[in-house]
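**Student:**
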Amino acid sequence: MKTGKTVITDPFWLRYRSLVRHEMIPYQWKVLNDEIDVRIERERNDPSIPNEKSHALENFRIAAGIHEGHHYGWVFQDSDVYKWLEAVAWSLMEEPDEDLKKLADSVVDLIALAQEPDGYLGTYFTIEEPDRKYKSLMNSHELYCAGHFMEAAAAYYEATGSRKVLETAKKLAAHIERELGPEGTFGYDGHEEVEIGLMKLYHLTGEERYLRLGSYFLRIRGTDADFFGDQQKTDSGSEPLIGGMGVFSRRYFQAHRPPVQQDTAEGHAVRMVYLCTAMADAAASEGDKEMLEACRRIWRNIVDRRMYITGGIGSTVHGEAFTFDYDLPNDTMYCETCASVGLVFFASQMLRSESIGEYGDVMERALYNTVLAGTALDGKHFFYVNPLEVNPSASMWDPGKSHVKPVRPQWLGCACCPPNLARLLASVDRYIYTVKDDRCLVNLYISSETEVPVSGGTARITQETDYPKSGTVRIRVGAPENGAFDLGLRIPGWSRTYGVTLDGAAADESSFENGYFYIRKLAGEHEIVLNLGMKPRLYKADPRVRADLGKAAMTRGPLVYCLEEADNGKDLHLLSIDPAGEVQEEEEKGELGDIIRITAAGKRIREPEETERLYRSADESAVQEETVRLRFIPYYTWANRGSNEMCVWVRTI
Ligand code: FUB
Ligand code: ZN
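Counting with my numbering, you get residues -11 to 641 for the letters of the sequence shown.
This is the structure:
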């Protein structure tokens, strides 16, 4: 069941929503339309990465026959436009704007013009290699782009009622169904996403064919002996669609076995979580137990062994991928912004099947840390890769760390992350609640007003909070007198102490179940107050995580903190924290926004006076240390003061 429109009134999130609407969307439009001169950085030192311009909208104009020319950019460049359109849709739902709508309508017109009469949509193949359509699905991203268009179309239709966008998406889905559906040629995309798009079309229209086609792609994946290899043998294209992909095994594409038989998070991280998002959606929509079980197993593997404390995933730049259990290096990792966006999607879909607070915890961890860190505070610079430790000299001189950027670029050769981030931030209201039968889960604490369907009518829910600065959340409920529903408040895993009152009296403590505190059988008007302890807390990693042994990470509420050179001087590795020392919180309104800064007792190793000897005997080298105060800032605010060192994990004294 869907909630009604949720109106966000929260200072923390209103700032981000306004940033998306007034900075990101116009800025990204100008970049996608090649209207402004920005420095487009390659995401790593790889000269084959196209970085002269975006050309994303121009590709559509050429495919539509409006302009002449060639396709430029990645074979999946179209998806940048679709994600932008989706961000616009969510933003219009929040804040109607005729000019923006007109602009977006013109983009819909352009997309429809670029669509071929039979429904095919994909500018690269229309312009450059029409005979190669669907012939090289390992790398072509045709269905990936289609999925993003379907998602955008569903959101844009919801926002504006545009028949054109919906008809264009349906025509595309019908084309895919004809060509690659159960009656067509066997095949699935190397990058999962169309499955999510089809599910969105299903939810929007209620037409079962989209659910069936999405499930079909999920089911046939990995059932073949070597589908991608076989397609390559007959591929007529002279050049590979994406260079260097030959080194990857089927595991990279999650095609080493059927998804329902997979147990661990393998391969490209974004693909993995998009696959899981679609499977979890199908599981919730169809009650498919096998898919739910697979999602549970993969979830456990990610959360227990392969996820960073920041909610980042993907331990290596090679294939932007997962590696092996407990391999979580802090300075070479990938932690792509899109991967954490996908983790939020995955968690949210799991909540539809099971009311388990951990899904909300991970959603919150990814959202408030890696996802938010993906944008600079100005909304016009973006991280693709979100490190937990940075030394700008290493990024500059170590070719193995060229992907670890110390400051957010204005744009990237592969620009998948910036519009992905925009569409999530613009739709964050959709992740606050999960409503099922007569149960409403409050997953995120964000000041807002909403209406949820309950038996006997509609319940109004108003949240007031200054979260994540404060841990106090005041929730007012207005439910039908003759109805009754259960409200579940997520008690975050990080919260040691909490209290709940109902109309001023302590609520029944036995109501805690799987991470949610339930106020049961609510009818009529009530006020509930949740108090979460927000004291800063140090975390340690499982000792099997080599990179974090002997180190601790500072947190406060859902926020992970970090040290930056700007506040602590150079050579952050010389610093250590005293876990028993005094910790202070300071409210600060400045260049990093409205934050709580944390200071803690620590030490700094003094550099030896004699600098000639790189190594000295252990018995003559007692380190000299001085007492210092370590100054921590929220991780999401790092890299907003120029290039400097940063680290999340700090040695303990
Ligand atoms: O392949 C399309 C997108 O580009 C992926 O999701 C990102 O990881 C980047 O490789
Ligand atoms: Zn990305």
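All residues carry an ideal CB built from backbone N, CA and C; glycine is no exception.
Just so it is clear, the structure is predicted and the values come from calculations on it, not from any experiment.
Buried or exposed: methionine 384, going by 16 or more other Cβ atoms within 10 Å of its Cβ?
**Tutor:** exposed
**Student:** Assign proline 105 to one of three DSSP states: helix, strand, or coil.
**Tutor:** Shown here, proline 105 sits in coil according to DSSP, grouped into three states, outside any helix or strand.
**Student:** Does the Cβ-Cβ distance between arginine 484 and glycine 545 come in under 8 Å?
**Tutor:** no
**Student:** In angstroms with no decimal places, state the Cα-to-Cα distance between isoleucine 28 and leucine 45.
**Tutor:** 16 Å
**Student:** On a CA-only basis, which of Ala472, Gly466, Pro387 is nearest aspartate 426? Give me that one, please.
**Tutor:** Ala472
**Student:** Taking C-beta to C-beta, are lysine 71 and histidine 136 nearer than 8 Å?
**Tutor:** Yes.
**Student:** By a C-beta neighbour count over all protein chains shown, 10 Å radius and 16 as the cutoff for buried, is glutamate 31 buried or exposed?
**Tutor:** buried
**Student:** Taking the alpha-carbon positions, what's the histidine 244 to valine 261 distance?
**Tutor:** 16 Å
**Student:** Looking at leucine 339: is its Cβ nearer than 8 Å to the Cβ of asparagine 431?
**Tutor:** Between leucine 339 and asparagine 431, the C-beta spacing is below 8 Å.
**Student:** According to DSSP, is tyrosine 122 part of a helix, a strand, or is it coil?
**Tutor:** coil
**Student:** Would alanine 142 be called buried (16 or more neighbouring beta carbons within 10 Å of its own) or exposed?
**Tutor:** The residue is buried, with at least 16 neighbouring Cβ atoms inside 10 Å.
**Student:** Measuring alpha carbon to alpha carbon, tell me which of Glu254, Pro247, Val395 ends up nearest alanine 268.
**Tutor:** Pro247
**Student:** Please state whether the Cβ-Cβ distance between alanine 272 and glutamine 220 is less than 8 Å.
**Tutor:** no
**Student:** What residue from Gly388, Ala382, Trp399, Met351 has the CA that sits closest to phenylalanine 371's CA?
**Tutor:** The option with the nearest alpha carbon to phenylalanine 371 is Trp399.
**Student:** Residues bridged to threonine 453 by DSSP?
**Tutor:** Val461
**Student:** Using alpha carbons as the reference points, say which of Lys457, Asp555, Arg353, Ser36 lies closest to valine 329.
**Tutor:** Arg353
**Student:** Which of helix, strand or coil does DSSP assign to phenylalanine 473?
**Tutor:** Three-state result, phenylalanine 473: strand.
**Student:** Just checking my contact of tyrosine 455 with arginine 478 at CB under 8 Å: how many whole Å lie between their CB atoms?
**Tutor:** Not confirmed; about 12 Å, so no contact.
**Student:** Would you say proline 524 and glutamate 573 are within 8 Å of each other, going by their C-beta atoms?
**Tutor:** The answer is yes: Cβ separation under 8 Å.
**Student:** Could you name the residues of the same chain whose beta carbon sits closer than 6 Å to that of isoleucine 50, not counting the 5 residues immediately before and after it, in chain order?
**Tutor:** Gly57, Ile115
**Student:** Could you check how far apart the C-beta atoms of arginine 294 and aspartate 313 are, in whole angstroms? I think they sit under 8 Å.
**Tutor:** A Cβ-Cβ distance of about 7 Å is found for the pair arginine 294 and aspartate 313, placing them in contact under the 8 Å criterion.
**Student:** Let me know the secondary structure DSSP gives phenylalanine 648 once reduced to three states.
**Tutor:** As displayed, the chain neither begins before -11 nor continues past 641, which places residue 648 out of reach and without an answer.
**Student:** Check each residue's C-beta against every heavy atom of the ligand ZN and list, in chain order, those closer than 6 Å.
**Tutor:** Glu324, Thr325, Cys326, Tyr372, Cys404, Cys405, Asn408
**Student:** Mind the definition here: the segment 271 to 287 touches the segment 220 to 235 only if three or more C-beta pairs lie below 8 Å; say whether that holds.
**Tutor:** Short answer: they don't touch.
**Student:** Would glutamine 612 be called buried (16 or more neighbouring beta carbons within 10 Å of its own) or exposed?
**Tutor:** exposed
**Student:** Under three-state DSSP, which class holds phenylalanine 64?
**Tutor:** coil
**Student:** For alanine 92, count the other beta carbons within 10 Å of its own beta carbon; 16 or more makes it buried, fewer makes it exposed. Which is it?
**Tutor:** buried
**Student:** List the endpoints of the continuous beta strand (DSSP E) containing isoleucine 583.
**Tutor:** It spans 581 to 593 - the beta strand (DSSP E) in which isoleucine 583 sits, taken as one unbroken run.
**Student:** Between which two residues does the alpha helix (DSSP H) containing glycine 208 stretch?
**Tutor:** One point to set straight first is that residue 208 is isoleucine, not glycine, in the sequence displayed. 196 to 208 is the span of the alpha helix (DSSP H), which, as asked, contains isoleucine 208.
**Student:** If glycine 169 sits next to leucine 201, beta carbons under 8 Å apart, how far is it from one beta carbon to the other, in whole angstroms?
**Tutor:** 6 Å
**Student:** Applying the criterion that 16 or more other CB atoms from any shown protein chain within 10 Å of the CB defines a buried residue, is histidine 391 buried or exposed?
**Tutor:** Histidine 391 counts as buried, since no fewer than 16 other beta carbons sit within 10 angstroms of its beta carbon.
**Student:** Checking 8 Å against the spacing of the C-beta atoms, do methionine 542 and alanine 588 come in under that value?
**Tutor:** Cβ atoms of methionine 542 and alanine 588: closer than 8 Å.
**Student:** According to DSSP, is arginine 617 part of a helix, a strand, or is it coil?
**Tutor:** strand
**Student:** Could you check whether the Cβ of tyrosine 132 sits closer than 7 Å to any heavy atom belonging to the ligand FUB?
**Tutor:** Indeed, a heavy atom of the ligand FUB lies less than 7 Å from the Cβ.
**Student:** Could you tell me the alpha carbon to alpha carbon distance between threonine 446 and glutamate 117, rounded to whole angstroms?
**Tutor:** 53 Å
**Student:** For the alpha helix (DSSP H) that contains asparagine 556, what are its first and last residues?
**Tutor:** 553 to 556
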